[in-house]
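Chemist: Structure in structure tokens, see below.
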Amino acid sequence: MTSGGYREAADARAAELARAPAAPVNTDGPDITDVVTKAIAGLSDRKVQFTYADLLARTVGQLEAKDGVFELARKGIDAAIEREQLIPLDREKGLFTSNIHVLDELAVKALSQEVQRQNHVSVTPDASVVRRVPFSDAVSVLAQDRPVMGIVSGQGGATGQRERVAELTLMAREQGRDVHIPAADNRSRDFSRR
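The opening residue of the sequence shown carries number 5 in my numbering; numbering runs sequentially from there.
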């Protein structure tokens, strides 16, 4: 077949495909956008960060097992990234957080700016509690400086974080302050209550 004949055959196939009626859209299954949104919400309730594999498994788990389900799930996840519903935390797009958590961080930032602008803290001396053990170095500095607001970042596992929060809570209550502890998700909130 000559190059001209090949092109003519290709053009004929393209014209035939263009004339064919469009395949009907399958509306039997769930909308992939809704499925991915539910998967993101489910993971966000348990974690601040989650992997692509976690999200893919959660998404596919909600779909009917058939050919092309993984490709459909991947397209839905890609669309969620484009909508900024899903925020990549690394260059390889293997670790994510949801826009819910980003909005939570923005809310904390706005709250901290409001507290600093007011520069007033409600202190009720008769509501204070007595400390029985010395504070760690960082908490001792906060106790001495008595800032309007303190944002403390620390490393360690969940148990270490919980102990740090408990120590900071005791320090604030010792000063007669009302304590509010925002948690990143339900799992963190429940763990901090133990």
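Cβ atoms here follow ideal geometry from the backbone N, Cα and C, with glycine treated the same way.
My parser needs the alpha helix (DSSP H) runs of 4 or more residues fully inside the region 38 to 71; what are they?
Modeler: 56 to 65
Chemist: Put Val29 into one of helix, strand or coil per three-state DSSP.
Modeler: Note on Val29: pLDDT 43, under 50, position unreliable in the model; the coordinate value appears next. Correct three-state label for Val29: coil.
Chemist: Between the region 39 to 52 and the region 92 to 105, are three or more C-beta pairs nearer than 8 Å?
Modeler: Yes, the region 39 to 52 touches the region 92 to 105.
Chemist: According to DSSP, is Leu93 helix, strand or coil?
Modeler: In the displayed model, Leu93 falls within coil according to three-state DSSP, outside both helix and strand.
Chemist: Is the region 33 to 41 touching the region 67 to 84 in the sense that three or more CB pairs, one from each, lie closer than 8 Å?
Modeler: yes
Chemist: Can you tell me the Cα-Cα spacing of Ile155 and Leu59, whole angstroms?
Modeler: Answer to the nearest angstrom: the Cα atoms are 31 Å apart.
Chemist: Pull up the distance between the alpha-carbon of His184 and that of Asp71, whole angstroms please.
Modeler: 49 Å
Chemist: Identify, in the order they occur along the chain, each residue of the same chain with its Cβ nearer than 8 Å to the Cβ of Ser116, setting aside the five sequence neighbours on each side.
Modeler: Excluding five sequence positions before and after Ser116, the CB atoms of its chain that fall closer than 8 Å to its own CB belong to Met153, Ile155, given in chain order.
Chemist: Between the C-alpha atoms of Val137 and Arg121, what's the straight-line distance to the nearest angstrom?
Modeler: If I take the Cα positions, the gap works out to 33 Å.
Chemist: Could you spell out where the alpha helix (DSSP H) holding Ser144 opens and where it closes?
Modeler: From DSSP, the alpha helix (DSSP H) with Ser144 extends over 141 to 149.
Chemist: Drop a sphere of 10 angstroms on the beta-carbon of Ala110, count the other beta-carbons inside from all chains shown, and report buried for 16 or more, exposed for fewer.
Modeler: Per the sequence presented here, residue 110 reads as Leu, with Ala not at that position. Label assigned to Leu110: exposed.
Chemist: Taking the straight line between their C-alpha atoms, what separation do you get for Asn190 and Asp49?
Modeler: 6 Å
Chemist: Classify Phe74 as buried or exposed, calling it buried when 16 or more other Cβ atoms lie within 10 Å of its own Cβ.
Modeler: exposed
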